[in-house]
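A.B. asks: Sharing a structure below in structure tokens format, with a few things to ask.
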Amino acid sequence: MTWTCPFCPLACDHLELRVGSGAQPLELAAGDCARARRALASFSSAPPAPLAEIDGRAATVDEAVAAAARMLAASRQPLFANLATDVAGARALYPLACASGAICDAAPGEALMHGLRALQDRGQFTATLAEVRTRADVIVFVGGLPLALASGIRERLGIGDPQVPQRHVVVLGPCEGDEAVLANWAASSGSGVTVESIALQGDLFDTVSLLDALVAQRPAMASANLAEPLRALADRLHAARYAVLVGTPALLPAQGALIVETLHRTVNTLNRTTRAAALWIAGGNGAGTANQVFAWLSGLPLRSRAGPRGLEHEPLRYGGLRLIGQGAVDALLWVSAFDADAAPPDQGLPLIVLGHPALAPRVRRAGSVFIAVSTPGIGSAGHVFRTDGTVLVPLRAARPDALPTVAALAGRMLAGLPARKAA
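The following block contains the structure:
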């Protein structure tokens, strides 16, 4: 069957899945993606036993939902974190967060905030995957190739695709192994694809700042002692018909928002004379989907709270891991519908986990509630946003199961909150 992968920011919809029967695992039948293969290996056709646990002991789903509602009602400041779910799940979590006064943050919150803060401060001009595949003649990967996060990036960006017969691919600041990958891309793509890697001059921020100054043709740069490949890249960007700067927020350092802002400024400069855009590879496992949904429902992105003073957005103060480490929250609701390895930090907080069945042994302790949930695209249908943020991708159930969805459980918890908490 044709299948859309929900695990990666690219949301590839060209893969073929072999479902099998009985206890046979799900496998890719056509198309190759290391990340999809690893994720599929964690799904079994056998239903988990038990479906729910309270304090590490088996319970019914009804009992677990009631216990979770009581936990949220007793909390003065809960945190909803990870938020790995689909559109319907995020839509149901939002009113539950409002009713309980929760702060909400995705698991890759720091990486998500790099791009979000830059967008808030200066705006952005981005491309879709289809635009890059069909139009971009110069593609610059900033800070390394995102293969660990999105192993199908070459195919999705059309590197080697005849629609753009002449294409130049650059890695600015290559990571270990990137040069070998580039060489393989060039060798297998024909004479139309040329590649190069350019070493950093200083750190990544220094390098993108120098590139920005060269692209802007600032007078001081004419006599500056810079590596010639960086000057040549600035000239190539000006000469391109459509240049795209591809970045991966998860690979950026702590002050990554400054790097994102600088790249956006470079794109802005190029658009005065040619065509250019940025593309950010982020938001897999539902993180980008949750951010989109919360933003359209409230007008504010993640790291926000609906409290006594109304809606509050604090991109630094409301970082989930920071709040847990500082003891600033007294209950944690952890949502992980996709990833069997995404376990919550163990800080002894009252804990509610709506997660992949394989997470149960890792969260089994006193003061915890666990409910196994169906994974969108595996056991249930759903929708997720792709990394370019403009395409909502439908997911079909590859092997339907009877597990409850995040949306259904969140709705039931909201209904179970005492009236005084939901008011």
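In this text, residue positions in the sequence shown follow my numbering: the first is 1, and each later residue adds one.
Glycine included, C-beta positions come from ideal geometry on N, C-alpha and C.
(1) Here's the rule I'm using: 16 or more other beta-carbon atoms within 10 Å means buried, otherwise exposed. How should Q166 be labelled?
(2) Quick check on the burial criterion: 16 or more other C-beta atoms within 10 angstroms. Buried or exposed for Q163?
(3) For A130 and Q77, what's the separation of their Cα atoms in angstroms?
(4) Where does C12 land, buried or exposed, given buried means 16+ other C-beta within 10 angstroms?
(5) By Cβ distance below 8 angstroms, which residues in the same chain neighbour A220 in space, the five residues on each side in sequence not counted?
(6) Counting C-beta neighbours from all protein chains within 10 Å, is the total for N271 16 or more, i.e. buried, or is it exposed?
(7) Using 8 angstroms as the Cβ pair cut-off and three pairs as the minimum, do the stretch 321-331 and the stretch 121-129 touch?
(8) Count Cβ pairs between the stretch 63-83 and the stretch 96-109 that sit closer than 8 angstroms; are there 3 or more?
(9) For F294, does the count of other Cβ atoms within 10 angstroms reach 16, so buried, or fall short, so exposed?
(10) Shortest alpha-carbon distance to I371 belongs to which of A360, G286 and A30?
(11) Suppose contacts are defined by Cβ-Cβ distances below 8 angstroms. Is L417 in contact with L119 by that definition?
(12) Are at least three pairs of beta-carbons, each pair with one atom in the stretch 370-384 and one in the stretch 404-415, less than 8 angstroms apart?
(13) Kindly indicate the opening and closing residues of the beta strand (DSSP E) around F370.
(14) As a quick exercise: from S368, A410 and S374, pick the residue whose alpha carbon is nearest that of R57.
(15) So is L409 buried or exposed if we call it buried at 16+ other beta carbons inside 10 Å?
(16) Just to confirm the assignment: which complete beta strand (DSSP E) runs, minimum length 3, are found wholly within the stretch 191-219?
(17) Comparing alpha-carbon positions, which option in A227, V19, A67 and C5 lies nearest T207?
(18) Of the residues D161, L204, F205 and A199, which one's Cα is nearest the Cα of W185?
(19) May I have the straight-line CA-CA distance separating A306 from G101, to the nearest angstrom?
(20) By a C-beta neighbour count over all protein chains shown, 10 Å radius and 16 as the cutoff for buried, is F338 buried or exposed?
(21) What did DSSP end up calling R241 once you bin it into helix, strand or coil?
(22) Ordered along the chain, which non-local residues of its own chain (more than five positions away) have a Cβ less than 6 angstroms from that of M1?
(23) For chain B, check one thing: does any of its Cβ atoms lie closer than 8 angstroms to the Cβ of R241?
(24) Since A150 contacts C8 with CB under 8 angstroms, what's their CB separation in whole angstroms?
(25) Using a threshold of 8 angstroms, state whether the C-beta atoms of L290 and A90 are closer than that.
(26) Among residues of its own chain, excluding the 5 on either side of L116, which ones have a beta-carbon nearer than 7 angstroms to its beta-carbon?
(27) Do T262 and S209 come within 8 angstroms of each other at the CB atom, strictly closer than that value?
(28) Got a sec, what are the start and stop residues for the alpha helix (DSSP H) H313 sits in?
(29) Rounded to the nearest angstrom, how far is the Cβ of V140 from that of L182, given a contact under 8 angstroms?
(30) What's the call for F125, buried or exposed, on a 16-neighbour Cβ count within 10 Å?
(31) Could you check how far apart the C-beta atoms of L237 and V215 are, in whole angstroms? I think they sit under 8 angstroms.
(32) Could you give the residue range of the alpha helix (DSSP H) that holds E53?
(33) H313 and R122: beta carbons closer than 8 angstroms?
(34) Mind checking which residues open and close the alpha helix (DSSP H) that includes F294?
(35) Among all the DSSP beta bridges, which residues are the ones paired with E228?
(36) Assign P308 to buried or exposed, taking buried as 16 or more other Cβ atoms, counted over all protein chains shown, within 10 Å of its Cβ.
C.D. replies: According to the structure shown:
(1) Taking all protein chains in view, the Cβ of Q166 is surrounded by fewer than 16 other Cβ atoms within 10 Å, so the residue is classified as exposed.
(2) In the assembly as shown, Q163 is an exposed residue. Its beta-carbon has fewer than 16 other beta-carbons within 10 Å.
(3) The alpha-carbon atoms of A130 and Q77 are separated by roughly 42 angstroms.
(4) Buried: at least 16 other Cβ atoms inside 10 Å.
(5) For A220, where only same-chain residues beyond five positions count, the Cβ hits under 8 angstroms are A213.
(6) With fewer than 16 Cβ atoms within 10 Å of its Cβ, N271 is classed as exposed.
(7) Remark: fewer than three beta-carbon pairs, one from each stretch, lie closer than 8 angstroms, so the stretch 321-331 and the stretch 121-129 are not flagged as touching.
(8) Because the criterion of three Cβ pairs below 8 angstroms is met, the stretch 63-83 and the stretch 96-109 touch.
(9) F294 counts as buried, since no fewer than 16 other beta carbons sit within 10 angstroms of its beta carbon.
(10) Out of A360, G286 and A30, A360 has the C-alpha closest to the C-alpha of I371.
(11) Not a contact, by the Cβ cut-off of 8 angstroms.
(12) The stretch 370-384 and the stretch 404-415 touch, with no fewer than 3 CB-CB distances between them shorter than 8 angstroms.
(13) For F370, the uninterrupted beta strand (DSSP E) run begins and ends at S368 to A372, by DSSP.
(14) Looking from the CA of R57, the closest CA among S368, A410 and S374 belongs to S368.
(15) If you draw a 10 Å sphere on the C-beta of L409, you find 16 or more other C-beta atoms in it, and that means buried.
(16) The beta strand (DSSP E) runs lying completely inside the stretch 191-219 and spanning 3 residues or more are 193-198, given in chain order.
(17) Considering only alpha carbons, the answer is A227.
(18) Ranking D161, L204, F205 and A199 by Cα distance to W185 puts D161 first.
(19) Going by the C-alpha atoms only, they are around 5 angstroms apart.
(20) Label assigned to F338: buried.
(21) Of the three classes helix, strand and coil, the one that applies to R241 here is coil, per DSSP.
(22) These residues qualify, in order along the chain: L17.
(23) This model lacks chain B altogether, as it is built from one protein chain only.
(24) That pair is a contact at about 5 angstroms.
(25) The sequence shown places Ala at residue 290, not Leu. With contacts defined as CB atoms closer than 8 angstroms, A290 and A90 qualify as a contacting pair.
(26) So the list reads P301 and P315, once near-sequence residues are dropped.
(27) Their beta carbons are under 8 angstroms apart, which means S209 touches T262 by this criterion.
(28) Element bounds for H313: not the alpha helix (DSSP H) but the beta strand (DSSP E), G310 to H313.
(29) Cβ-Cβ separation between V140 and L182: approximately 12 angstroms, too far for a contact (criterion under 8 angstroms).
(30) Classification of F125: exposed, given that the 10 Å Cβ count is below 16.
(31) L237 to V215, Cβ: 6 angstroms. Contact.
(32) Secondary structure note for E53: it is in no alpha helix (DSSP H), and the uninterrupted beta strand (DSSP E) holding it is A52 to I54.
(33) No; because the gap between Cβ atoms is not below 8 angstroms, this pair is not in contact.
(34) F294 -> alpha helix (DSSP H) spans A287 to S298.
(35) Bridge partners of E228: none, in fact.
(36) Burial check for P308: the Cβ neighbour count within 10 Å stays below 16, so the residue is exposed.
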